[in-house]
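Heads up: the sequence shown runs through residues 36 to 851, numbered per our numbering. Glycine is no exception: its CB is placed at the ideal position from the N, C-alpha and C atoms. These figures come from a predicted structure and were not determined experimentally.
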Amino acid sequence: MNTLWLPLLLSSVIWAEEQYFPQLPNATWDDARLYCQSCFKELMTITCSNVHLIVKNLSSDYWVGLRRSYNGSFPWAEWSNGDPVTYQNWYPGHPVPNKEKKLIPICSSTTESPLSTLITTTTSTLMTSLETSTVTSAPVTSPKTSTIFQTEKAEDTCPILTDILDCLNMTCYDLESAMTMCNRTTTVTPKTTTYNTAPEVTTFSTTFNAATNGTTTEGATTEGPTTEGATTEGPTTEGATTESTTTSNCISEPAPDPEQYIEDACVVLLSFGMWKEEDCNKSLPYICYEERFFGQIYVSDVNTSAANLSWTEGPGAENISHYRVEITEDNNQTFNQTFNQTFFQTELFEHIQNLTAGTLYRVQMFPVKCGRDLNPQNISFYTQPSDVQNLTIVGMTNVSANLKWRNPEGNHDFYSVHVECKLNKSIHDKVEKCPSEECTIKNLAPGYEYEFTVKAVVNETFGGVPSSASDYTKPSTVTNLKQSYKDSTFIKASWEPPEGGYSGYRYCLKKVDYSHKCTYCNIITSSSSTTDFSITDCNIVNATTNVITETDKPDGSKFCLCVAALTNNDIISGEMVPIPAYTLPKTVNLSLEPGSDNMTARWETDVKYEYFKVMITTDAYPYNPLPLRITELNYTFEKLKAGVNYTVSVYTVSGDLISVPAIESKYTKPTKPAWVNAIASKKSIDVYWGAPFASQGVTINYTVEYYTAFWNKSDQIYTNGTSTNFTGLNPGTRYDINVRVVADDLSEPATYHAYTVPEKRTLVLTMLCSSETALHCDKTDTRKELFDKLKNITHIKFENKVHWNLSWAKTKDNVL
């Protein structure tokens, strides 16, 4: 089969992409369609959307999928694939309509005398007359055929017919062939004798079913030879006699039609794009079409050296000879999947082996139909990388891990290291990229066990078989390690737990000279080390809490204390943190006696001392006097601020040792605010006050309290400012406001009374007076007595706790 590729790709409204294939050699329309249905989808269908692309690639005339009557439908209404005809481009005059054909005589004759003037009888007959010339003619033979629409005039025996055929672009052979299906009727006109001065002439004519009624039914009257459709009509010429002997053999056949109607016609797409019908049995090139195959191909069960391929069935599966699978990369492979005689079908599956790990393979699957590759289905996949070997954790710090492994077989893009904290994934669960076979993982949390899973990766996400190893990061150092000074005979220390994980602690306490500096501890050094001290020089003790106490230590001694955190069940130790620790003289018993502008400190001790270092501090305002060197057991600090919290520290000094300080804090006695004022509205009061004169320039705290006796409500606000606001109050109510300086339980209030703005309402009391004495109730004294009693009752109830007013109401007669 010879096929030509016509690169026309169209997308229809149903998302089908069509391909068109001109076919050679020539075939009838039925054979062309059968072949197209077998090896493609159908004969080509022409629409307004694809015609311009098809026409520009034509090189000949082609059958297309349109027939006059297809499946009994209306002529030219439906394509062979069932689609309606929505576009037409017929050549002018096409399609040729089915119309009634005219008949013409075809004669062969021998004439012995010249043709004379024709004289007919009075009976007029509708006929076609053919006059013969003096030439002696041989019987009619088949004309020579050179090219269509050519005629050999030299062999014609009828000049008129020759002219007609010439006009119709036909030959006698074409006319004779076209009339073989028609009924042929021969009518011989008997010899007619007329009398005239001319010689006697005998004429033969062929009539075409004409009625003789004395009138002309069609055609025009002409004198002399007549052409197609001409009639002889007119008065009879008496006495004219035609004496001629002519032998004639004539038949009636349809007049030639320059565009013949074809009953069973199929459409030919002309090389310039227009349409014309042709006999469906004529052999012509043809164009098949097929929708581009868009199947699916799948890959599954991919491992380091093999994979499974499967795909969807191609269109027209019964005509697909096989499926060709091409695999390209480092090891190119081709497979043909043909019909399986066991299962009576073509298996759409292939198991691929001998692949290289971690490699990108490109696969194309070609359905082969009638020896032609359909549109291939493409897929790419990576084989799984091989697993890494000999994964080793080279070293761990408190925040990092150093890993190392051996390069796996095959290919890879990089290594993926999954880092997971085994105790809690929320602490650390991430994936890091490593370009080589050695990698340092950073930003780990101290003291936790981590599992490191390493695998080779291709295509960013496809990893090989993982290899895992786990270990603990070292614990972080403890923080805020300090000694708690409570007594001279023991050492108590505490610290904050380390950042990260830990299982316990270990510590070491060693007595040293006072001049010795505790700057470094190393629990793995030997006794010969030149560091501050080694692990063998002190007693190492494990601790489960972050507080230790060492008793029975000599007074005034210096120790080095080293503490480290442990993890992995107290097996792995972090770095030790050292501090100096002391046993000191006992701390004095300190007491404070505050005044409004001074503070007296007194202390007691039963130990020997050289002097006392005394100092006072506060956070209320900038006040940092130098420490004082005191030999007495008391001291009074002057020029202090009232209502301020001061802290007094007393140290016992003996030689180079300083005791733990005795520390006490107290407020100086407060004074009341300099002034208080308030602004009231209906439901709120804004309170303002001035700082006490003895507390100017310092930050002190106040309590502001209100109380209403009528409603028995109170509220209190703490502030370090000089104003506040109370809301949600009752209108027209007296509120007693007290502003105090907060200084322990020492306070002296400043007071103020404020009334909220009343919402005035009028209550009218109507008093019914009855008396045995006539007109007693109308007396002024009676009314005044009643009013005074009522006012007294109201005052007892409300006093000045709420707003009220009592007065006589005027009546209509203006009488109180």
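Query	Result
Quick one: give me the first and last residue of the alpha helix (DSSP H) that K134 is part of.	Counting along the chain, K134 falls outside any alpha helix (DSSP H), and DSSP gives it neither H nor E.
Let me check one thing: in DSSP terms, what residues is K546 bridge-paired to?	F594
Sorted by chain position, which residues of the same chain lie with C-beta nearer than 6 Å to I462's C-beta, five sequence neighbours on each side aside?	C456, A480
Is it the case that the stretch 396 to 406 contacts the stretch 320 to 334, given that we only count it when at least three CB pairs across the two stretches are under 8 Å?	yes
Excluding the 5 residues flanking V777 on each side, which residues of the same chain have their C-beta closer than 6 Å to its C-beta?	N736, T738
Given that a residue counts as buried once 16 or more other Cβ atoms are within 10 Å of its Cβ, and exposed if not, what is P110?	exposed
Please list the segments of the alpha helix (DSSP H) lying wholly inside the stretch 488 to 524, counting only runs of 4 or more residues, in order along the chain.	none
Please work out which residues of its chain come closer than 6 Å, Cβ to Cβ, to W125, disregarding the five sequence neighbours upstream and downstream, and give them in chain order.	W310
With a CB to CB cut of under 8 Å and the five nearest residues on each side skipped, what residues in its chain are close to D422?	P443, K490, A491, G499, V500, P501, S502
Quick check on the DSSP output: what are the complete beta strand (DSSP E) runs of length 3 or more inside the stretch 708 to 776, in order along the chain?	710 to 715, 720 to 725, 736 to 743, 748 to 754, 758 to 761
Within the same chain, show all residues whose beta-carbon is closer than 7 Å to that of P784, passing over the 5 residues directly before and after it, in chain order.	K707, N773, V774, R775
State the DSSP-derived secondary structure class of W64, mapped to helix, strand or coil.	helix
Expressed to the nearest angstrom, what Euclidean distance is found between the alpha-carbon atoms of K832 and T797?	17 Å
Is it buried or exposed for Y55, if we count other Cβ within 10 angstroms and need 16 for buried?	buried
Quick check on C74: does DSSP put it in helix, strand or coil?	helix
Could you check how far apart the C-beta atoms of V837 and G767 are, in whole angstroms? I think they sit under 8 Å.	5 Å
Residues in its own chain within less than 7 Å of F435 by CB, not counting five upstream and five downstream?	Going by the sequence as given, residue 435 is Ser instead of Phe. The residues are T475, I476, K477, L479.
Closer than 6 Å by C-beta to C315: which residues in its own chain qualify, once you throw out the five before and the five after it? Chain order, please.	W64, D299, C301
Opposite A392 in the DSSP bridges: which residues?	Beta-bridge pairing links A392 to no other residue.
Any contact between the stretch 666 to 685 and the stretch 621 to 636? By contact I mean 3 or more CB pairs, one from each, below 8 Å.	yes
Can you list, in chain order, the residues of its chain whose CB lies under 6 Å from that of V612, leaving out five sequence neighbours each side?	T512, V513, L516, V598
Does F307 pass the burial test, meaning 16 or more other C-beta atoms within 10 Å, or should it be called exposed?	exposed
Answer yes if the stretch 532 to 543 comes into contact with the stretch 604 to 611, meaning at least three C-beta pairs across the two stretches below 8 Å, and no otherwise.	yes
Could you check if N85 is buried or exposed, using at least 16 other CB atoms within 10 Å of its CB as the buried criterion?	buried
Whole-angstrom Cβ separation of E312 and G128, contact assumed at under 8 Å?	Contact flag wrong, Cβ pair sits at about 11 Å.
Count the other C-beta atoms from every protein chain shown that fall within 10 angstroms of the C-beta of F328, then say buried if there are 16 or more, exposed otherwise.	buried
Using the Cβ count rule (16 or more neighbours within 10 Å means buried), how would you classify G406?	exposed
Taking E361 as part of the beta strand (DSSP E), name the residues at either end of that continuous run.	355 to 363
Kindly indicate the opening and closing residues of the alpha helix (DSSP H) around N680.	Unbroken run through N680 is the beta strand (DSSP E), 680 to 689; no alpha helix (DSSP H).
DSSP state of N371, grouped into three classes?	strand
Just how far apart, CA to CA, sit T82 and N92?	16 Å
Grab the span of the beta strand (DSSP E) containing N425 for me, first residue to last.	424 to 431
Can you list, in chain order, the residues of its chain whose CB lies under 6 Å from that of K676, leaving out five sequence neighbours each side?	S730, V733
Give the straight-line distance between the Cα atoms of T121 and I322, rounded to the nearest whole angstrom.	19 Å
According to DSSP, is G264 helix, strand or coil?	Caution applies to G264, whose pLDDT of 37 falls short of 50 and renders its modelled position unreliable; the value that the coordinates give is listed next. Looking at G264 - three-state DSSP - the assignment turns out to be coil, as it is neither helix nor strand.
Out of curiosity, what's the CA-to-CA distance linking T619 and N659?	The question names Thr, yet the displayed sequence has Leu at residue 619. Each residue's alpha carbon lies about 26 Å from the other.
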